[in-house]
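Sequential numbering from 267 applies to the sequence shown in the working numbering. Cβ atoms here follow ideal geometry from the backbone N, Cα and C, with glycine treated the same way.
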Amino acid sequence: MGILKTTWKFFNMELKLKEPVDNLCDYTCNFTWQSNKIRPGSIIPSQEGTNFTYKELVDALRKGKDIHIHGNVGKRLGYSMGANLMHFGGTGAPEKAGRIYVNGDISSEMGMGMVSGAIYVKGNIEEPFGNIVEVVSDEQGYKKFRSITEILCNGLGKDALVKNKYDARKRYLLLNDGILRGTVAARCNCEAFVSIDGNAYNGTGLLMRKGKVHVAGNAGMNTGAHLDGGVVIVDGTADEFAGAYMKKGTLILNDSKGFVGANMKDGAIFAKKKIKIEPPLKELTMLQEDANLIREHLGTGHVEAMSYRKYGLSKERVVRMRDGSVVVMKADE
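This is the structure we're talking about:
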């Protein structure tokens with residue numbers, strides 16, 4: 267009996283909390299590894315009988331271990347779980363991760379940016395959720411959650427969705443359960459399609475390289491931020507910082523609050539209504555190929571497609587011919 271217990275302890279970690287703690291199992295340490303807000307080697311507060319650090323939990327998950335947390339948990343559990351972060355010398359691609367078990371309640375933003383692994387919860391979960399969807403649990407008494415990105419690119423396997431709809435052949439996921447989610451399809455690197463029947467929270471399509479996300483309602487801040495390919499569509503209004511740090515890809519908006527495309531490197535932003543931009547971003551000439559792109563993704567007619575405005579970095583120049591016609595040429599031509 268003692269050997270079995272020792273073996274279990276070797277492969278898993280147990281953590282008992284007196285009070286909720288934020289950013290547990292957060293692969294980014296809340297993006298503050300190089301400042302002094304949270305250091306990877308800092309001991310997690312409110313533990314009973316253990317002295318685990320934030321980094322030890324992440325390292326355990328990266329090795330495929332399970333983490334059992336007893337007590338209520340704060341915000342951002344499992345942030346970017348399963349991502350081999352470039353910020354820390356990684357490839358930026360998904361990697362295998364272990365499992366998190368929580369015997370208690372969880373605050374908002376669980377699974378934001380999560381790309382692999384699983385989270386089991388025996389308690390209530392506060393919205394908004396992250397890049398996760400509930401599947402039928404294989405552990406009695408727990409709800410099970412998996413990454414949307416992982417399901418899109420690798421399939422459900424033996425799992426089945428509790429709600430929503432997934433077509434494995436088309437790699438199509440319909441989210442219609444009414445749950446508000448952020449970072450949907452984060453780091454997606456496969457040709458897949460997510461349709462959100464309602465509003466989305468922050469960071470839709472974060473760091474996407476391939477695929478498409480269509481938000482039927484409004485979207486939160488940082489929609490399409492760090493987009494590196496693929497397409498993000500918002501039928502309603504996107505909040506501030508849409509398209510920030512875009513590298514590639516296409517962002518199609520109806521309207522947006524605040525400025526769009528901050529520190530954008532490349533890609534294209536289309537908007538039905540005039541949006542706010544700052545240099546070096548410019549409003550560009552809508553070409554026939556742009557209208558075809560709009561028609562392809564939105565199913566609109568040619569006239570409506572041409573009514574969209576195009577924004578991006580200037581790579582073209584307008585040449586007026588002697589007969590009065592206008593020819594749009596690439597800037598390097």
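Phenylalanine 525 and aspartate 332 have their C-alpha atoms some 42 Å from each other. Excluding the 5 residues flanking it on each side, arginine 561 has same chain C-beta neighbours closer than 6 Å at Ala571, in chain order. Threonine 489 carries a coil assignment under DSSP once its states are collapsed to helix, strand and coil. Between tyrosine 574 and tyrosine 367, the alpha-carbon positions lie close to 47 Å from each other. In the three-state DSSP reduction, glutamine 313 falls in the strand class (E or B). Residue state for arginine 412 is assigned as strand, using DSSP reduced to three classes. Per DSSP, the beta-bridge partners of aspartate 494 are Lys514. Taking 9 Å as the cut-off, the Cβ atoms of glycine 471 and glycine 502 do not count as close. Counting only unbroken stretches of 3 or more residues, the beta strand (DSSP E) elements lying wholly within the stretch 422-474 are 431-433, 438-441, 459-462, in sequence order. With respect to threonine 551, lysine 576 sits close: the two C-beta atoms are nearer than 9 Å. Pairing lysine 282 with glycine 370, the inter-Cα distance amounts to about 10 Å. Judged by their CB atoms, methionine 376 and leucine 422 are not nearer to each other than the 9 Å cut-off. The Cβ-Cβ distance between glutamate 361 and arginine 328 falls below 9 Å. If you look at methionine 572, you'll find it in the alpha helix (DSSP H) that goes 568-572. Sorting Leu418, Ala384, Glu392 by C-alpha distance to the C-alpha of valine 402 places Ala384 at the top. Between the C-alpha atoms of glycine 444 and valine 569 there is a straight-line separation of about 33 Å. In this structure, DSSP gives methionine 279 an extended state, which the three-state scheme calls strand.
The beta carbon of leucine 473 sits closer than 7 Å to those of Ala452, Arg453, His492, Asp494, all from its chain and outside the five residues before and after it, given in chain order.
According to DSSP, leucine 559 shares a beta bridge with no other residue. The three-state secondary structure of tyrosine 320, taken from DSSP, is helix.
Within 10 angstroms of the beta-carbon of lysine 478 lie 16 or more other beta-carbons, which makes it buried.
In the structure shown, the three-state DSSP call for aspartate 325 is helix. The alpha-carbon of glutamate 393 is positioned some 27 Å away from that of alanine 326. In this structure, DSSP gives asparagine 420 a helical state, which the three-state scheme calls helix.
Per DSSP, valine 481 is one residue of the beta strand (DSSP E) stretching across 478-481. Look at leucine 564 here: in three-state DSSP terms it is helix. Within 10 angstroms of the beta-carbon of aspartate 292 lie 16 or more other beta-carbons, which makes it buried.
Glycine 578 is bridged by DSSP to Lys548.
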